[in-house]
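*Asks:* Chains as they are written, first to last, in this note's numbering: chain A, 1 to 233; chain B, 1001 to 1162.
1) Mind listing which residues of the stretch 1027–1051 of chain B have their C-beta closer than 8 Å to chain A's C-betas, in chain order?
2) Among all the DSSP beta bridges, which residues are the ones paired with residue 1112 of chain B?
3) Quick one: what's got a C-beta closer than 7 Å to residue 1153 of chain B's C-beta in the same chain, skipping five residues either side?
4) Work out the CA separation of residue 142 of chain A and residue 93 of chain A for me, nearest whole Å.
5) Taking the runs of the beta strand (DSSP E) that are 3 residues or longer, which of them lie wholly in the stretch 49–84 of chain A?
6) If the cut is a Cβ gap below 9 Å, which residues of chain A does residue 1018 of chain B touch?
7) For residue 1152 of chain B, go through chain A and note every residue whose CB falls closer than 7 Å to its CB, in chain order.
8) Quick one: using the 10 Å Cβ neighbour count with 16 as the cut-off for buried, is residue 30 of chain A buried or exposed?
9) Do the CB positions of residue 1147 of chain B and residue 1001 of chain B come within less than 8 Å of each other?
10) What do you reckon, are the CB atoms on residue 66 of chain A and residue 21 of chain A nearer than 8 Å?
11) Less than 8 Å between the C-beta atoms of residue 88 of chain A and residue 152 of chain A, yes or no?
12) For residue 119 of chain A, count neighbouring C-beta atoms within 10 Å of its own C-beta (all shown protein chains included) and say buried if the count is 16 or more, exposed if not.
13) Using the beta-carbon count (16 or more within 10 Å), is residue 211 of chain A buried or exposed?
14) Quick check on the DSSP output: the beta strand (DSSP E) that includes residue 1140 of chain B runs from which residue to which?
15) Nearest by alpha-carbon distance to residue 1160 of chain B: which of B:1117, B:1098, B:1116, B:1112 is it?
16) Using a cut-off of 8 Å between C-beta atoms, extract the partners of residue 1144 of chain B located in chain A.
17) Is the shortest distance between the beta-carbon of residue 1008 of chain B and the beta-carbons of chain A less than 8 Å?
18) Kindly indicate if chain A contains any beta-carbon less than 8 Å away from that of residue 1140 of chain B.
19) In whole angstroms, what is the alpha-carbon distance linking residue 208 of chain A and residue 107 of chain A?
20) Determine, for residue 1003 of chain B, whether the minimum Cβ-Cβ distance to residues of chain A falls below 8 Å.
21) Excluding the 5 residues flanking residue 1012 of chain B on each side, which residues of the same chain have their C-beta closer than 8 Å to its C-beta?
22) Is any beta-carbon of chain A found at less than 8 Å from that of residue 1095 of chain B?
23) Please report whether the beta-carbon of residue 173 of chain A lies at a distance below 8 Å from any beta-carbon of chain B.
24) So is residue 123 of chain A buried or exposed if we call it buried at 16+ other beta carbons inside 10 Å?
25) Under 8 Å between the Cβ atoms of residue 53 of chain A and residue 35 of chain A?
26) Quick one: grab the DSSP three-state call for residue 166 of chain A.
27) Compare the C-beta of residue 1155 of chain B against all C-beta atoms of chain A and say whether one is closer than 8 Å.
28) Starting from residue 1160 of chain B, follow its DSSP beta bridges and name the residues at the other end.
29) Taking Cβ positions, are residue 166 of chain A and residue 1150 of chain B nearer each other than 8 Å?
30) Do residue 1158 of chain B and residue 1073 of chain B have their C-beta atoms closer together than 8 Å?
31) Looking at residue 147 of chain A and residue 191 of chain A, is the spacing between their C-beta atoms short of 8 Å?
32) Are the beta-carbon atoms of residue 136 of chain A and residue 91 of chain A separated by less than 8 Å?
33) List the DSSP bridge partners of residue 1155 of chain B.
34) By DSSP's criteria, residue 1026 of chain B is part of a beta bridge. Which residues make up the other side?
35) For residue 1117 of chain B, which residues from the same chain have a beta carbon less than 7 Å from its beta carbon, with the 5 sequence-adjacent residues on both sides left out?
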C-alpha cells in the first residue's frame, strides 16, 4: 500500500525547468527507482521547495529527486534523504525565510550550504545530520546565513542602502537608507550574534565606501510640513 | 525605474486622510419643476430623499468618485513664506486668498484615478481636509522623473468653500 511522504529541497537556479522526478530506495546506497513526477513546479525563480508524493512504499525509505528541463534532459540525482526527516540545509533555509521572507530562497540555499560547509569543515553539507546540531548552533548558522545573504544583496545593489534621489514638481526625495542603522551595521550585528552562538570569530571586512548623499549631509528623516517641500534623507 | 512607489510610501507614512469627492455626471432630482427649477417644498415633503444641488440635480452614483486618500495638504500662506517662488503660487491661485491650501495627491488610489482636471466650480465636487470643504481651482499632473510616465502625483490649488 502506497504512503505519502513530504519532501523538502532547495530548487536549482535554472530558468527552463519542466518537471520534478521523485525516486525511492530501501537503502541509502541502494538502487533508486522513480515513483512519481510532477510538472506543477511553480515558475522561475520561485520553483517549488516542497513536494508530497503519495506513491512511496515506506516513509522510512530513502528518497532523491531530479529536475528535468524543457529540452527533456534529466539532471543528476540529489543526495538521498530519509523519509520523515529533513536536512540541516533545509532547516536553516526555512529558518532564514521565516525571519526574512523577502530573501531569494535560491540564494539562501546556496549560502546555507556554504555556511554549514565552512562551520563543520565538510565538503558536502548534506552529510551533517540535523539531529546532531544543538539549538544554539542552529541559531548561529541561521544568523550567519542571513549575514552572508545580506552581503550578497548589498554587493549587487538590492539592499535597503541603495541611494535614491529625485525631484518631481515640488516633491523631492533623497534617501540613503530606510532605517537608522546602515545595512553594514546590521550585518555586523548579525555576525556578532552568530559568532557568539558558534563560538568563533568571523568578521566583516569589506572595503566598500558608504554612499554620500547631498555632499555628505545626512539626516534620517526631514519632513517640513509647513512649507510644502517633502524630503526624506 | 518608477519612483511612484517611494512617493506612495512617503504619503502613507506622513500624509493626512483627505476626502476626494468628484461628480462627473448628474441626474435630474424628482423635485425639479417643469420650468427647470429646484423645488424646496418637495424636499420638505420628502425629507428622506437625497438633497439636490441648487440646479435641481443629483449626483449620478455611477459617475461619482468618493475616496479617502492620504495626501499632503497645507495652507499656501505658510508655504509662500519661505520656499516656493511667487510665480508658482500666482500661477496656481491667481490672487492668493486666506485659507487657500496647496494639496499633493497621488495619481490614483484604490484602483480609481483621482482626476482633478476640469473641476466643477459649483461645489458639487469637493475635497474635504480637516473637516473643511475645498474647491479645486488649479491642478498640475506631475510626471514621474524615474521612467517618464505622466502619472506621478497631483499638485492642486484648493480654495475654501466652507
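Just so you know, even glycine gets a beta-carbon here, dropped at the ideal spot from N, CA and C. If you're wondering where the values come from, they're calculated on a predicted model, not measured in any experiment.
*Replies:* Based on what the coordinates show:
1) none
2) B:1109
3) 1007, 1104, 1105, 1106, 1107, 1142
4) 8 Å
5) 50–56, 62–69
6) Correct list: empty, because the minimum Cβ distance to chain A is about 14 Å.
7) 168
8) exposed
9) yes
10) yes
11) no
12) buried
13) At residue 211 of chain A the pLDDT is 48, less than 50, meaning the model places this residue with poor confidence; the figure from the coordinates comes in the next sentence. Looking at its Cβ environment, which holds fewer than 16 other Cβ atoms inside 10 Å, residue 211 of chain A is exposed.
14) 1132–1142
15) B:1098
16) 168
17) no
18) yes
19) Residue placement at residue 208 of chain A is poorly supported in this model, since its pLDDT is 44, which falls under 50; the coordinates still yield a value, given next. Each residue's Cα considered, the two are about 21 Å apart.
20) yes
21) 1070
22) no
23) yes
24) exposed
25) yes
26) strand
27) yes
28) B:1134
29) no
30) yes
31) yes
32) no
33) B:1104, B:1140
34) B:1059
35) 1139
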